[in-house]
Amino acid sequence: MGLDLQVPNQTARLTLRPLREADVHDLYAYHSSAEVHRFLPMPAMDAEALAARIIGGRWSTTSIDKEGDAAFLGAELRATGVVVGDLMLRYVNDEDKCGEIGYVFNPEFAGQGLATEAAHAVLHLAFDELGLHRMVARIDPLNDRSRRLAERLSMRLEAHLIKNCWMRGEWLDEVDYAILEEEFAALHDAG
Ligand SMILES: CC(C)(COP(=O)(O)OP(=O)(O)OC[C@H]1O[C@@H](n2cnc3c(N)ncnc32)[C@H](O)[C@@H]1OP(=O)(O)O)[C@@H](O)C(=O)NCCC(=O)NCCS
Numbered sequence: 058m059g060l061d062l063q064v065p066n067q068t069a070r071l072t073l074r075p076l077r078e079a080d081v082h083d084l085y086a087y088h089s090s091a092e093v094h095r096f097l098p099m100p101a102m103d104a105e106a107l108a109a110r111i112i113g114g115r116w117s118t119t120s121i122d123k124e125g126d127a128a129f130l131g132a133e134l135r136a137t138g139v140v141v142g143d144l145m146l147r148y149v150n151d152e153d154k155c156g157e158i159g160y161v162f163n164p165e166f167a168g169q170g171l172a173t174e175a176a177h178a179v180l181h182l183a184f185d186e187l188g189l190h191r192m193v194a195r196i197d198p199l200n201d202r203s204r205r206l207a208e209r210l211s212m213r214l215e216a217h218l219i220k221n222c223w224m225r226g227e228w229l230d231e232v233d234y235a236i237l238e239e240e241f242a243a244l245h246d247a248g
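Have a look at this one:
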């Protein structure tokens, strides 16, 4: 089992591809916002911190070889070449073939279904290329937009975990949305 995401993945409007140094400007446009980072584990970032993540840091990983690996992709709007969001695919567990999806998009481009389009493609990669059995999205219960996105992806609300995460100096609840490979395939077959 393994996945190399160096090769760009095309959706209707986006190219999903590895992040590169030249993307710092586009990423800064939203990752510098405390509002965008409100429900994320790390605080908003300056350009230097973003560059460190992209150049040799966590977000430079684009292959998944073993459990625990997380790959990161930029979502480039093909019409303009602007990176409007980024996504994570984590290979959580080898034995249970379980993975996790994460996504952050620039609010300037919200409300067009771009995050849904990109996340859908990441689920495809997880199930069809990586061979996973179950994908989960771990969400702060107050994060309505993320919950709606998971629902648009036909992910099922499976758990509400009480004070499960130590984040931003306090214990926070988490809701888990999940979808199985056969459910995703059935949706796809149904068109
Ligand atoms: C979570 C997040 C990616 C969702 O972004 P989003 O803009 O709501 O999602 P999409 O790009 O898929 O757009 C969906 C909206 O576009 C509308 N839409 C328009 N065209 C659409 C299309 N072709 N397909 C799907 N939705 C479409 C939908 O109805 C929906 O509208 P709504 O906001 O009124 O419900 C974004 O809020 C974000 O980045 N938040 C900050 C980071 C974060 O919290 N990440 C999640 C951590 S768990």
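In terms of my numbering, the sequence shown opens at residue 58 and continues consecutively.
Even for Gly, the Cβ is constructed at its ideal location relative to N, Cα and C.
Please read all numbers here as calculations on a predicted model, not as lab measurements.
- Annotation: the continuous alpha helix (DSSP H) that includes Asp-201 extends over 201-209.
- Pairwise C-beta distances place the region 126-135 in contact with the region 143-151, as three or more of them are shorter than 8 Å.
- Taking 7 Å as the cut-off, the Cβ atoms of Glu-157 and Val-193 count as close.
- Going by DSSP, Ile-196 is part of no alpha helix (DSSP H) but of the beta strand (DSSP E) stretching over 191-196.
- As far as DSSP is concerned, Gln-63 takes part in no beta bridge.
- Boundaries of the alpha helix (DSSP H) harbouring Leu-171: 171-181, taken from the DSSP string.
- Residues of the same chain with their beta carbon placed closer than 7 Å to that of Glu-208 are lacking, with the five preceding and five following residues left out of the count.
- Excluding the 5 residues flanking it on each side, His-217 has same chain C-beta neighbours closer than 7 Å at Pro-198, Asp-230, Val-232, in chain order.
- In this structure, the straight-line span from the alpha carbon of Asp-103 to that of Ser-203 is close to 24 Å.
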